[in-house]
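All letters in the sequence shown, in the order written, are residues 1 to 67 by the working numbering.
Below you'll find the structure, written out as structure tokens, and then a few comments.
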Amino acid sequence: MPSISVKGMTCQHCAAAVKKELETIDGVTDVQVDVETGRVSYEGSAPEDLLRKHVEEAGYEYEGPAG
């Protein structure tokens, strides 16, 4: 399951906003957000620039693929 790192999430409302935004991307499903670590996992695939765009549209900072 691919994962990305997102900065700025502090609560479940934040997690829901990121999840909702990423689920609008064709090919991305089953988004799971861990607010404590900032890790967002998902099924499927999407170009990094599209992931970044949607995370930023949700109001958070995209930090790249999680290692």
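Quick reminder that beta carbons are idealized off the backbone N, C-alpha and C, glycines included.
This structure is a prediction, so every number in the text was calculated from the model and none was measured.
Looking at the strands, I want to know which residues DSSP matches up with residue i.
i	result
D34	R39
T24	Paired residue(s): none; T24 is not in a bridge.
S5	R39 and G64
G59	In DSSP, G59 forms no bridge with anything.
T29	E43
Between residue i and residue j, which are expected to be in contact by the criterion C-beta below 8 Å, what is the C-beta distance as a whole number of angstroms?
i	j	result
Y60	V6	5 Å
Suppose you measure from the CA of residue i to the CA of residue j; what does that come to, to the nearest Å?
i	j	result
V40	D30	10 Å
I4	D49	12 Å
V28	G67	19 Å
P2	H13	22 Å
T24	Y62	17 Å
If you drop the 5 nearest sequence neighbours on each side, which residues of the same chain put their C-beta closer than 7 Å to that of residue i?
i	result
A15	M9, V33 and V35
Within a Cβ cutoff of 8 Å, which residues of the same chain sit near residue i, ignoring the five residues on either side of it in sequence?
i	result
E21	H54, V55, E57 and A58
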